[in-house]
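The sequence shown begins at 1 in UniProt numbering and counts up by one.
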Amino acid sequence: EHMVQESHQDRKPGACPRESPSFHSRFTPLTITREPWSKHEAKDGAMGTSQGCASTTGGAATTTTLFEPDGDGQSPQVVVLVGAPGMGKTTMVRKVMVEWGEGTLHTQFDFVILIDCKAIILPTEASVADLVSQCCSGLQVPAGKILDNQKKILFIFDGFEALGFSLVQPEADLSSDPREVKPLELTLMSLLKKTVLPKASLLITMRPVALGSLRQCLKGEYYVDVVEILGFSAARRQEYFQRYFENPSKADMAFRFARGSEILYSLCVIPLMSWAICTILEQELCGKKNLLECSKATTGMIMFYLCQLLKHRDRDNPQVLQKFLLQLCSLAAEGIWKHKVLFEEKEIKDCGLDQPGLLPFFLNEKVPREGEDHGSIYAFTHLHLQEFFAAMFYILEDDGEMVSSFGRLEKNVKKLLESYNKTRKDLNITVRFLFGLLSHKSVEYMDKTIGCRISPRTKEELLEWLQGRHRGLSHPGQALKVSEMDTLHFLFEMNEKSFAQSALGHFTDLDLQDTRLTLYDQMALSFCIQHWTGLGSVTLQGCSFHWQDPEAELDPGALVMRWREELPCPIYLLCRALRHRDSALQVLRLQWCQLSESCCAELAVLLAEHPGLAQLELADSSLGDTGVRLLCEGLRTPGCCLRILR
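What follows is the structure, given as structure tokens:
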């Protein structure tokens with residue numbers, strides 16, 4: 001689709017692009033770097049958000065910054081807006097169009113011509129005037145009038161790399177006459193090189209992978225600025241959630257949910273990921289008062305993001321995507337094993353990943369500086385996404401033929417799990433994703449939406465490993481106990497009742513020591529307890545329960561008021577899980593857990609309703625007189641079977 005708009009004075013009612021009111025309310029400034037082309041060409045800079053860290057010398061990107069004068073008072077005539085897929089390039093362009101259409105910004109332009117390079121069908125030969133006429137077909141404005149004043153024209157090319165043209169053209173073939181018909185690539189090159197309409201302005205959006213060729217094309221041109229989108233800063237992530245949800249209470253709930261998972265919160269630096277998470281949580285909140293029973297764990301959120309990222313790809317040949325993903329996952333796994341996040345151009349080619357139609361969805365490219373003798377360097381758009389694809393490496397079906405192209409890495413799940421257990425704790429998130437990808441829902445979803453075939457055969461290996469690792473930690477003659485929080489994470493990511501029951505069925509005790517339990521941890525703990533029918537003893541010694549982030553930017557008092565109905569006390573999730581119908585709980589130890597009097601109401605209900613709870617330990621808690629009175633109410637109920645209270 002393409003849009004052209006005429007000057008503010010001549011515009012007819014309804015001619016300007018009308019976005020829904022939600023576009024205005026949801027637009028959240030992005031973190032950017034902005035610098036002249038010459039400086040960008042020489043810098044060493046990091047690769048955007050490849051590690052989820054949007055550290056930058058720039059600031060918050062509003063569209064006003066795009067054509068702002070620099071320190072010398074000169075405005076750029078060409079702005080190149082660079083960012084990985086999902087970073088918000090097209091959204092920034094929409095914002096430019098809306099602000100210009102409303103007359104609030106960019107009023108120096110009488111005409112703005114927007115060409116969506118991913119969708120528009122252009123002729124093989126055309127002049128600049130022909131292009132303008134084609135785009136202006138819905139307006140009663142001749143091309144000659146539009147071209148009369150070059151300085152008042154802004155051309156926008158959104159997704160420039162999709163045109164697929166060579167940007168190396170002989171200078172002598174370029175045009176200086178806007179009415180001269182040339183092959184399309186020469187006409188566009190003439191606009192870029194300013195041989196035609198030299199005073200017109202250009203805004204070009206593109207992915208980092210295409211930046212190198214454009215750099216060669218614009219070499220030596222002083223009027224070009226490069227604006228690189230790095231994603232949402234910490235404060236902007238929260239702002240986006242507040243803008244997405246019209247209801248402040250729901251916005252707080254959703255943000256607390258994301259903030260309670262270190263992985264999700266880190267991934268929210270990618271605007272499309274923030275949108276995907278908000279979309280899922282909005283669906284989860286339909287008909288519910290809270291997110292405490294959210295059925296989507298981290299793996300499910302990433303799969304939804306991946307589906308949205310790829311929905312505009314060419315779907316004619318799913319085998320091509322399947323093969324590409326096998327190679328991509330092989331690269332990711334090889335990198336995780338070798339602590340490697342940067343990959344050379346040769347490695348990309350050796351793996352068969354040099355496919356411009358797919359590679360930019362997953363990897364950022366850093367083009368070498370002039371004079372450097374190496375090729376481009378690549379990195380996944382986020383470290384957690386590399387870990388996600390590394391997990392996929394072990395379970396994607398490949399007819400037994402695919403191993404790592406350059407490292408001969410085998411799909412040995414047992415080796416992965418044993419290495420994690422012994423020395424490689426950095427593999428935790430990869431293993432967590434492995435469990436999440438093997439759930440029945442994940443296997444179905446990936447096959448239906450992306451066409452990826454996941455082999456469920458690995459499930460049995462995961463089950464045996466989980467059962468065996470805790471047997472080895474339990475002493476002979478003692479009760480078999482689970483004492484690692486990561487086991488609960490793994491089971492929560494898979495989110496299958498039958499698998500959790502099989503994994504936990506041989507164990508009778510849960511024993512966690514000195515653990516800071518985030519909201520994600522508490523949801524994992526709650527899920528496992530509800531499906532752990534043989535659990536007789538729970539010890540949480542020195543553990544703290546955090547449903548409110550201590551570093552939250554929101555006013556703590558307001559947050560507590562909004563969440564009072566949501567989470568009456570820090571141990572709400574725990575007590576609710578312990579009251580499940582098949583609970584065999586007899587002993588609950590909560591020593592040194594910093595419990596306050598607000599926790600006693602939940603404990604009183606547990607005492608009153610649990611038929612088997614015989615021992616409760618609350619050492620070093622600040623219960624206060626009010627808290628103890630609440631406990632006594634629970635102790636007095638006929639259903640209370642408690643024998644020991646410490």
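Positions of the beta carbon are idealized from the N, C-alpha and C atoms, including for glycine.
Straight through space, the alpha carbons of S166 and C217 are spaced by roughly 10 angstroms.
Closest in alpha carbon position to A503, among D514, T487, P85, D582, is T487.
In this structure, the CA atom of T381 is about 18 angstroms from the CA atom of F393. Of S498, K414, L202, the smallest CA-CA separation from G468 is found for K414. DSSP places D225 within a strand segment (E or B) once states are collapsed to three. Of the candidates G231, E228, L292, the residue whose Cα lies closest to the Cα of F255 is L292. Cα atoms of E125 and S176: separation of roughly 16 angstroms, rounded to the nearest angstrom. In this structure the stretch 591-606 touches the stretch 617-631; the number of beta carbon pairs closer than 8 angstroms is three or more. By the C-beta density criterion, A200 is buried, having at least 16 other C-beta atoms within 10 angstroms.
Contact between G639 and A608 holds: their C-beta atoms lie close to 5 angstroms from each other, under 8 angstroms. Shown here, P611 sits in coil according to DSSP, grouped into three states, outside any helix or strand. In chain order, I115, C117, I204 place their CB closer than 6 angstroms to the CB of F157, counting only its own chain and leaving out the 5 sequence neighbours on each side.
Contact check for T449 against I395 fails: the beta carbons are separated by 8 angstroms or more.
The residue from E493, H506, G505 with its alpha-carbon nearest to that of F527 is E493. Exposed is the label assigned to I644, since fewer than 16 other Cβ atoms lie within 10 Å of its Cβ. Within the same chain, H531 come within 6 angstroms of Q501 by CB-CB distance, once the 5 residues on both sides are set aside. If you check the CB distance, M301 and L328 do not come in under 8 angstroms. Leaving aside the five residues that flank A210 on each side, the residues in its chain whose CB is nearer than 6 angstroms to its CB run, in chain order, E161.
Restricted to the stretch 126-213, the alpha helix (DSSP H) segments that are unbroken, complete and at least 4 residues in length are 128-135, 143-147, 184-192, listed in chain order. For N317, the number of other beta carbons within 10 angstroms of its own is below 16, and it is reported as exposed. Residue state for E397 is assigned as coil, using DSSP reduced to three classes. Under the criterion of beta carbons closer than 8 angstroms, Q308 and A276 qualify as touching, at roughly 6 angstroms. Residue state for V80 is assigned as strand, using DSSP reduced to three classes.
Of all C-beta pairs linking the stretch 137-149 to the stretch 86-93, fewer than three are shorter than 8 angstroms, placing the two stretches out of contact. Between V132 and D173, the alpha-carbon positions lie close to 21 angstroms from each other.
Per DSSP, L310 is one residue of the alpha helix (DSSP H) stretching across 298-310.
Burial check for T298: the Cβ neighbour count within 10 Å reaches 16 or more, so the residue is buried.
DSSP lists S622 as the beta-bridge partner residues of S596.
Put simply, the backbone Cα of E464 is about 24 angstroms away from that of S583. With 16 or more other CB atoms across the displayed protein chains lying within 10 angstroms of its CB, E228 is buried. Residue burial is scored here from C-beta neighbours: V168 has fewer than 16 other C-beta atoms within 10 angstroms and is therefore classed as exposed. By the criterion of a C-beta distance shorter than 6 angstroms, A577 is surrounded in its chain by S526, I529, Q530, once the five residues flanking it on both sides are discounted. If you keep only unbroken beta strand (DSSP E) runs of at least 3 residues inside the stretch 413-485, you get nothing at all.
For the alpha helix (DSSP H) assignment, the uninterrupted runs of no fewer than 4 residues enclosed by the stretch 509-538 are, from N- to C-terminal side, 519-530. C135 is not a Cβ neighbour of L325, given a cutoff of 8 angstroms. Ranked by Cα distance from I454, the options V367, N421, E397, V341 are led by E397.
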